[in-house]
Every structure is written in structure tokens, then in C-alpha cells.
Amino acid sequence: MSAGQGKSEQELMELLKEFDTPSVTNVLGTYPKKKDVCLGLYNPWHTNWYTDQSMKCIYPELGRRAGHVVTAVFGMPDPDFGRLDFTDILRAVWACDNPVIVVFKQDIPENIRMKNGLAGGNMVTALKRAGAVGLISDGPSRDVDEIREMDFQYMLTGVSAGHGAFSIKAVNVPVSICGMDVCPGEIIHMDENGAVKFPRQHLADVYERLCLLREQENKKMSSLAAAADVEGLVKAWLG
Numbered sequence: 058m059s060a061g062q063g064k065s066e067q068e069l070m071e072l073l074k075e076f077d078t079p080s081v082t083n084v085l086g087t088y089p090k091k092k093d094v095c096l097g098l099y100n101p102w103h104t105n106w107y108t109d110q111s112m113k114c115i116y117p118e119l120g121r122r123a124g125h126v127v128t129a130v131f132g133m134p135d136p137d138f139g140r141l142d143f144t145d146i147l148r149a150v151w152a153c154d155n156p157v158i159v160v161f162k163q164d165i166p167e168n169i170r171m172k173n174g175l176a177g178g179n180m181v182t183a184l185k186r187a188g189a190v191g192l193i194s195d196g197p198s199r200d201v202d203e204i205r206e207m208d209f210q211y212m213l214t215g216v217s218a219g220h221g222a223f224s225i226k227a228v229n230v231p232v233s234i235c236g237m238d239v240c241p242g243e244i245i246h247m248d249e250n251g252a253v254k255f256p257r258q259h260l261a262d263v264y265e266r267l268c269l270l271r272e273q274e275n276k277k278m279s280s281l282a283a284a285a286d287v288e289g290l291v292k293a294w295l296g
């Protein structure tokens, strides 16, 4: 029986937390010539499938998260469009299979976005109750001391103490966040190295290949650590 066979999505999502995000990128697209462990879903350099260095994990000590994606786009107040509000995001999270990673695009002028402490304690309390386990945003948020105790992961470009009025421009639409293009319903894996997305239908394959990659890398690292001289080290490196 294969590693992922017979397991539910929730079980597989929990098992993904055994692996770091760089390992997930390895099996998705980093080494496309290694067809035994790499699915080759993305061109490593020219597809926006993982976050860049502007994204920061606020709580490395809280560990990894994996979840289904729900997105929202925030903007400045718009007198011509007021149909959406935060409750629409809560309904979308509640309707999505758990666990959920919420992805907030801040479509806001740069000088304001840099100091927009978007999410805080009240918002995160509601999101967590609806089924979210983490939040990714291409701007800052706030209340980091309060939210740390909630076991809820933040991935942001920074932190800021305040904000002004804003609006919800869209819910569950494709967004681009710090170099990663992501759609509702995809899966995100994230940790202190960054975040990566992949299609939901590949969940079991990703887990199975992660198990194989771990086996291969453990064997190689043991050989490297046991090398008696440089020639043995080179031999172990070359496999």
C-alpha cells in the first residue's frame, strides 16, 4: 500500500506538517529531472508557485501549517461598491473544508499598505473559529503578542500597530501574494522558510513523494556524515 492510500484529506494535511516547506517545493517542481520524487508541476524559476523573501513567518516557534485556500482582496473605501464585508470572508472560510489558510491581498496604495495593520485579535478569533489555522498577507498585520497565544500562524511582510478604514473588494478570487499566484481551493504549505501552493488533487501524490524524498535524503546525509576522507565525501555527494 502506498503511503497516502486510504487516508483522508485532513489526515494527509496533518501528515504534511512532518515536512518543511523546502521539501514540499522539492517534490512539486525544484528538480524536474528527478521524476521519481518530483511531480514537475511548475517551471522552477518562471512560475509563481512559492513566496519570495518579502514574506516573513511571524511565529516560527508555532511550526508548520497546511490548509485549503480561501482568498480575499482588501482595498480603500469605495463609495460605489459596498456589497462585501468581513462576514463574507467568514462564510467562505466556514464553507471550506478544514483546515483553511486565508490569503489576504492588500490592493492598497503602497504608502498606506506599509502601515496597514490589517488583521488583529478580533479578526483572527473569528477566522480561527470558522476553521482557519493561518493567515498570509502581502502587507502587515498587528496584535502579534495576543495572536501568538491563539496558536494561529501569521505570514506577513511585517507588523504595524494601526490602520484606517478599508473595504472588501472580492472574496475567493485568484490573487498574487509576494511572488506566489494562488487560487481558492488550492492547498498551501507554510513554515518559517515561506509558503508554497499546489492543486488539491495532488495531495496524496505530494505526501507519497515527500516520504520517498525523506528516505533518500536521510540515506545521503548519513553517507555524507560518515565519509572518512574527501574522496568518500565526494562519492557520497555524487550518490
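Counting with this note's numbering, you get residues 58 to 296 for the letters of the sequence shown.
Heads up, the beta-carbon is just placed ideally off N, CA and C, and yes, glycines get one too.
Neighbourhood of C240 by C-beta, 6 Å cutoff - its chain only, sequence neighbours within 5 removed
Within the same chain, Cβ atoms closer than 6 Å to the Cβ of C240 are found at P231, the five residues on either side in sequence being excluded.
Cβ-Cβ distance between T78 and G251 below 7 Å:
The answer is yes: Cβ separation under 7 Å.
Could you give the distance in angstroms between the alpha-carbon of A283 and the alpha-carbon of P117?
Rounded to whole angstroms, A283 to P117 spans 31 Å at the Cα level.
Comparing alpha-carbon positions, which option in V157, M133 and E75 lies nearest E243?
When each option's Cα is compared against that of E243, the closest is V157.
Could you check whether D109 and G132 sit closer than 7 Å to each other, using their CB atoms as the reference points?
Result no, Cβ atoms of G132 and D109 do not sit closer than 7 Å.
Determine the extent of the alpha helix (DSSP H) in which A222 is found, giving its start and end residues.
Judged by DSSP secondary structure, A222 falls outside any alpha helix (DSSP H); it is assigned neither H nor E.
State the start and end residues of the unbroken beta strand (DSSP E) segment that holds K57.
Because the chain here runs from 58 to 296, residue 57 falls outside it and cannot be looked at.
Report yes if the CB atom of I146 is closer than 7 Å to the CB atom of Y211, and no otherwise.
No, the pair does not count as a contact, with Cβ atoms beyond the cut-off.
Which whole-angstrom value is the C-beta distance of N168 and H220, which I expect to be below 8 Å?
The beta-carbon separation of N168 and H220, rounded to 13 Å, does not stay under the 8 Å limit for a contact.
Just to confirm the assignment: which complete alpha helix (DSSP H) runs, minimum length 4, are found wholly within the region 64-147?
For the region 64-147, whole alpha helix (DSSP H) runs of length 4 or above, ordered along the chain, are 66-73 and 78-82.
Can the beta-carbon of V94 be found closer than 7 Å to that of V84?
Yes, the pair counts as a contact, with Cβ atoms nearer than the cut-off.
In the DSSP output, what is Q210 paired with across the bridge?
Its beta-bridge partners are G191.
List the DSSP bridge partners of M180.
According to DSSP, M180 bridges with nothing at all.
Out of K90, S111 and H125, which one is the CA nearest neighbour of H259?
Closest option to H259, Cα to Cα, is H125.
Measuring CB atoms only, is the region 195-203 touching the region 213-228, in the sense that at least three cross pairs come out at less than 8 Å?
Touching, per the Cβ criterion.
Which listed residue (R205, V263 and V160) has its alpha carbon closest to that of G120:
Ranking R205, V263 and V160 by Cα distance to G120 puts R205 first.
For L72, tell me which candidate among A123, D142 and I234 has the shortest Cα-Cα distance.
Here the closest residue by C-alpha is A123.
How many Å lie between V159 and C268 at the Cα?
Taking the straight line joining both Cα atoms gives about 27 Å.
In DSSP terms, what S233 is bridged to
BP columns for S233 point to D238.
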